[in-house]
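Everything below concerns the one structure shown next.
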Amino acid sequence: MNNKLIFKWWLVFFAISAVGGFLAGGFLGMIFGFCLGVFGAIIRQPEMVKPLVMTICPIVGMLASLPISYFAFKFAVGKILKESN
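Read in order, the letters of the sequence shown correspond to residues 8 to 92 in the numbering used here.
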């Protein structure tokens, strides 16, 4: 196998998963944070909602980035195997 080819596709994998995971995780975390903030404003208990936001938003962001990382890995490994043959 060509080491330059492997290195190139691993860089592509890391770039796609980092940027895509950052965007998807940030977007969904922002949406959940907004919804929880509105909920806290409606019930007039923002001090109760702050720990929820600090716990739920990172978890949602991480879960949103997992499929992107999976598909980026599948894409990169598929390209490595396709180009090495």
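The beta carbon of each residue, even a glycine, is placed where N, CA and C say it ideally should be.
Asked, Found
"For MET36, which residues in the same chain have their Cβ closer than 6 Å to its Cβ, ignoring the five residues on either side in sequence?", "Before going on, a small fix: residue 36 reads as Gly here, not Met. These residues qualify, in order along the chain: CYS64, VAL67, GLY68."
"Candidates LEU43, ALA48, PHE29: which alpha carbon is nearest MET61's?", "LEU43"
"Run through DSSP, which three-state label would ASN10 get?", "helix"
"If you count every other CB in all the chains shown that lies within 10 Å of the CB of VAL56, and 16 or more means buried, which is it?", "buried"
"With the cut-off set at 8 Å, would you say TRP17 and ALA79 are in Cβ contact?", "no"
"Assign ILE87 to buried or exposed, taking buried as 16 or more other Cβ atoms, counted over all protein chains shown, within 10 Å of its Cβ.", "buried"
"What is the rounded straight-line gap between the Cα of ALA71 and the Cα of GLY28?", "7 Å"
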